[in-house]
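Quick look at the structure:
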């Protein structure tokens, strides 16, 4: 790979999206509540935690197995996306520190990308709300990989597209599955737990911070 001539230790930053850039885990939880009630079941925090960071297919197949639902994962995804998009405007907000960190990265000309387990349909609807798509060099969704998180494929693909070694890429994640993927790829993983992932195992992460504008992130990027 062809590393840039920047003296910085980290030459690119890869962002997870759900729960990291947006409070979309809140939206997904409300969606899960409404979705499971259609089948006479409750959507629990235990199930929600298991699903975090999974690809849509894996997540919906898990929901089906969990509650023995009489539908295909594609049918469940279609209904889930319908619910998500119908309530997104009332719930979706950027996470604290997102714009501050993006401003810093742009000021210091550090390339950025989004590496998300979400499907392209939802990503394309979420990013324009805050005009965020223009602030990233590229976006990799669940449809661009054959193996989802916790497999490292998505972050290996990101490093290749950035043209950097994985060790030169900072990876920002809020879930156990995402951090496992980033660590397995060889990246420098920063865990930024949200309300729905505070109890996750982040032992494989390089460090853990409280928000995207945590001083530790800026100190590391300045090395």
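In our numbering, the protein residues as written are 782 to 1004.
Even for Gly, the Cβ is constructed at its ideal location relative to N, Cα and C.
| query | result |
| --- | --- |
| Element boundaries [beta strand (DSSP E), containing residue 951] | 950 to 954 |
| Span of the beta strand (DSSP E) around residue 1011 | Given a span of 782 to 1004 for the chain in the structure shown, any question on residue 1011 remains unanswerable. |
| For residue 785, three-class secondary structure by DSSP | With a pLDDT of only 43 at residue 785, under 50, the local geometry of the prediction cannot be trusted, and the value read off the model is given with reservation. Residue 785: coil per DSSP, three-state reduction. |
| Residue 972 (DSSP reduced to helix, strand or coil) | strand |
| Terminal residues of the beta strand (DSSP E) in which residue 794 lies | 793 to 796 |
| Distance, residue 854 Cα to residue 818 Cα | 17 Å |
| Best match in 944, 994, 875 for proximity to residue 793 [C-alpha to C-alpha] | 944 |
| Proximity test, Cβ basis, 9 Å: residue 890 and chain C | Included in the structure is just one protein chain, with no chain C present. |
| At least three beta-carbon pairs within less than 8 Å, the segment 877 to 896 to the segment 986 to 994 | yes |
| Distance between residue 806 and residue 977 (C-alpha atoms, nearest Å) | 7 Å |
| Rounded separation between residue 782 and residue 809 - CA only | For residue 782, the predicted model reports a pLDDT of 42, less than 50, meaning its position is unreliable; a value from the coordinates is still stated below. Using only the alpha carbons, I get a separation of about 37 Å. |
| Beta-ladder partner(s) of residue 803, from DSSP | 799, 875 |
| With 16 other Cβ atoms within 10 Å as the buried cut-off, status of residue 826 | exposed |
| Given residue 900 as reference, the closest of 836, 849, 890, 883 once Cα atoms are compared | 836 |
| Length of the line joining the Cα atoms of residue 798 and residue 953 | 9 Å |
| Sub-9 Å separation of residue 873 and residue 958 beta-carbons | no |
| Closest residue to residue 973 among 927, 985, 885 (Cα-Cα distance) | 985 |
| Nonlocal neighbours in the same chain, by C-beta distance under 8 Å from residue 927, ignoring five residues either side | 934 |
| Collapsed DSSP secondary structure at residue 939 in the structure displayed | helix |
| Residue 891 to residue 812 span [Cα, whole Å] | 35 Å |
| Beta-ladder partner(s) of residue 921, from DSSP | 896 |
| CB-CB length for residue 898 against residue 834, believed under 8 Å | 6 Å |
| Beta bridge counterpart(s) of residue 989 as assigned by DSSP | 972 |
| Status (buried if at least 16 other CB within 10 Å, exposed otherwise) for residue 895 | buried |
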